[in-house]
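K.L.:
There are 2 protein chains.
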Amino acid sequence: MRKAPTKGEETRALILKRAFAMASAVGLEGLSIGSVAKSAEMSKSGLFAHFASKEDLQLQVLQTAVERFIERVARPMLSEPRGEPRVKAFFENWLAWAESADLPGGCVFISAAAELDDRPGPLRDYLVKTQREALSTAERAARIAVAEGHFRADLDVEQFAHDLYSIILAYHHFHRLLDDPKAAFRARASFDRLLERSRIPHFGRSNS
Amino acid sequence: MRKAPTKGEETRALILKRAFAMASAVGLEGLSIGSVAKSAEMSKSGLFAHFASKEDLQLQVLQTAVERFIERVARPMLSEPRGEPRVKAFFENWLAWAESADLPGGCVFISAAAELDDRPGPLRDYLVKTQREALSTAERAARIAVAEGHFRADLDVEQFAHDLYSIILAYHHFHRLLDDPKAAFRARASFDRLLERSRIPHFGRSNS
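Here the protein sequences come in this chain order: A and B. First residue of the first sequence: 879, per my numbering; consecutive thereafter. First residue of the second sequence: 879, per my numbering; consecutive thereafter.
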């Protein structure tokens, strides 16, 4: 039986929740112990009782993001039939992810990527690990679609994952920065082309 | 005849040069009047004689980036033959852009995008304008390739520009964050697929 959370665990969860939403808008670097403490209605020293340093808080925010990404993007696709339906669910869940109510500023991973690419350290290492895992998940889903006979046997699944992620990155850029009302339409059109060229070609309907 | 730059113009150009390289690594938000002044070996008040505010400096750094992007990416493609060769040159120049010696931290536009997407104001407006212009340049190049009979007449040139930019965004992510040695190979493979599906189909070699 799962134990009820202690008061300390509840406080920690509340802080992370607030810090997570803030990181979406101002980035991981924009998180300050002071502003997070204020948002959680506690003192700075109260916050330090739960997080050893700003970097510790940032790391735990990224870990929270990974947990939620698994919950909302990776896990739900498993209830879809193996093969192309699962790949499609993964893509649609990922598009929806950046629109989550608790991510008012869009995907934390994408904004963290721009912040951390020139800053070596444990935070960057952890981010890279999460990105590689997301790509592996896409590769695995594509590999299953090959095994199911939906995708061609000679499909380069690494390239597939790269191309899928390109579309997600572009969606974030066109939707959030350019306010392009066609951003989702463009993303789905690109993804449809990616599916088309990944499928087993049907003889008798070439190029269709 | 062009006049020799005044001492003041030279100083301003030096400050912008240093600020530009710094922005590539630490982002536009990371630029502080103090750190830029230090890098240009002058006092903060000396710097304020050239730039009214931090935002003014950031805006001029973005303007510098646009000038260099035009010089290195957009203009050189014009010496290539009209049509597909020009589209290819644009793409290759754009890949090379993020590797420029004076951009040690990669493309300033991409890092600025993550910083500014949630910060309304003149800086964000200017960035959006530059991004739309880069996309229009890609669209125009694709439209010429249609007119030259290289690309299909029913090509959606907006989608083409979107897809081309997706590949650039992914290249930045895979190369700079993930240190993926195949980043350029993957980018070119995606671009080749984009060209293939944009070309006029050749009868007698379907799907090739």
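Where is the CB? At the ideal position from N, CA and C, for every residue including glycine.
1) Which of the three DSSP states is assigned to A:R1066 in this structure?
2) Any beta-carbon of chain B closer than 8 Å to the one on A:A1020?
3) Should B:R953 go down as buried or exposed, given a rule of 16 or more other Cβ atoms within 10 Å for buried?
4) Listed in chain order, which residues of the segment 974-985 of chain B have Cβ atoms closer than 9 Å to some Cβ of chain A?
5) By the three-class DSSP mapping on this structure, what secondary structure does A:R1054 have?
6) Does the Cβ-Cβ distance between A:Q941 and B:L1056 come in under 8 Å?
7) According to DSSP, is B:F898 part of a helix, a strand, or is it coil?
8) On a Cα-Cα basis, can you pick out the residue from A:Y1049, A:R997, A:H1028 that is closest to A:E970?
9) With a CB to CB cut of under 6 Å and the five nearest residues on each side skipped, what residues in its chain are close to A:S902?
10) When DSSP labels each residue in this structure, what does B:F1029 get in the three-state scheme?
11) Find the nearest neighbour of B:I948 within the set B:Q1037, B:H1040, B:E1011, judged by alpha-carbon distance.
12) Taking only three categories from DSSP, how would you classify B:R997?
13) Which residue wins for smallest C-alpha separation from A:H1028, given the options A:D995, A:R950, A:E1074?
14) Let me make sure I understand the geometry here. Which of B:A1039, B:V951, B:R1018 has the alpha-carbon closest to that of A:A1065?
15) Using a Cβ-Cβ cut-off of 8 Å, state whether B:A967 counts as contacting chain A.
16) For B:G886, which of helix, strand or coil comes out of DSSP?
17) Looking at chain A, is there any beta carbon in it that lies within less than 8 Å of the beta carbon of B:D934?
18) A:S989 CB to nearest chain B CB: under 8 Å?
19) Compute the distance between the beta-carbons of A:L1001 and A:E933, then report whether it is under 8 Å.
20) Which bits of chain A does B:E1080 rub up against, with CB to CB less than 8 Å?
P.N.:
In short:
1) Along the first sequence, read from residue 1 onward, the residue named residue 1066 of chain A stands at position 188. Helix, per DSSP.
2) Position 142 of the first sequence, counted from the start, is the residue given in the question as residue 1020 of chain A. No, its Cβ sits nowhere closer than 8 Å to a Cβ of chain B.
3) Residue numbering aside, residue 953 of chain B sits at position 75 when the second sequence is read from its first letter. Answer is exposed; the Cβ neighbour count stays below 16.
4) P982, G983, G984
5) As a first step, residue 1054 of chain A must be located in the first sequence, where it is residue number 176. Residue state, collapsed to three classes: helix.
6) The residue given as residue 941 of chain A occupies position 63 in the first sequence. The residue given as residue 1056 of chain B occupies position 178 in the second sequence. No, these two residues do not count as a Cβ contact at 8 Å.
7) In the second sequence, counting from the first residue as 1, residue 898 of chain B sits at position 20. In this structure, B:F898 counts as helix in the three-state DSSP scheme.
8) Locating residue 970 of chain A in the first sequence gives position 92, counting from the first residue. Looking at the Cα atoms, A:Y1049 is the closest of the given residues.
9) Mapped onto the first sequence, residue 902 of chain A falls at position 24. Taken in chain order, the residues that qualify are L981, P982, G983, V986.
10) On the second sequence, residue 1029 of chain B is found 151 positions in, with the first residue counted as 1. If DSSP states are grouped into helix, strand and coil, B:F1029 belongs with the strands.
11) One-based indexing of the second sequence puts residue 948 of chain B at position 70. Checked all of B:Q1037, B:H1040, B:E1011; the closest Cα to B:I948 is B:E1011.
12) The residue given as residue 997 of chain B occupies position 119 in the second sequence. Looking at B:R997 - three-state DSSP - the assignment turns out to be coil, as it is neither helix nor strand.
13) Here residue 1028 of chain A refers to the residue found at position 150 of the first sequence. That would be A:E1074, whose Cα lies nearest to the Cα of A:H1028.
14) Within the first sequence, numbered from 1, the residue matching residue 1065 of chain A stands at position 187. Among B:A1039, B:V951, B:R1018, the Cα nearest to that of A:A1065 belongs to B:A1039.
15) Looking up residue 967 of chain B in the second sequence gives position 89. Cβ-Cβ to chain A under 8 Å: no for B:A967.
16) Indexing the second sequence from 1 puts residue 886 of chain B at position 8. B:G886 falls in the helix class under three-state DSSP.
17) Mapped onto the second sequence, residue 934 of chain B falls at position 56. So, not an interface residue.
18) For the purposes of this step, residue 989 of chain A is taken as residue 111 along the first sequence, with counting starting at 1. Closer than 8 Å: yes.
19) Working through the first sequence from its first residue, we reach residue 1001 of chain A at position 123. Working through the first sequence from its first residue, we reach residue 933 of chain A at position 55. Yes, Cβ-Cβ distance for A:L1001 and A:E933 is below 8 Å.
20) To locate residue 1080 of chain B, count along the second sequence from 1; it is residue 202. Contrary to the premise, residue 1080 of chain B reads as His rather than Glu in this sequence. Ordered by position in chain A, no residue passes the 8 Å Cβ test against B:H1080, which lies about 10 Å from the chain.
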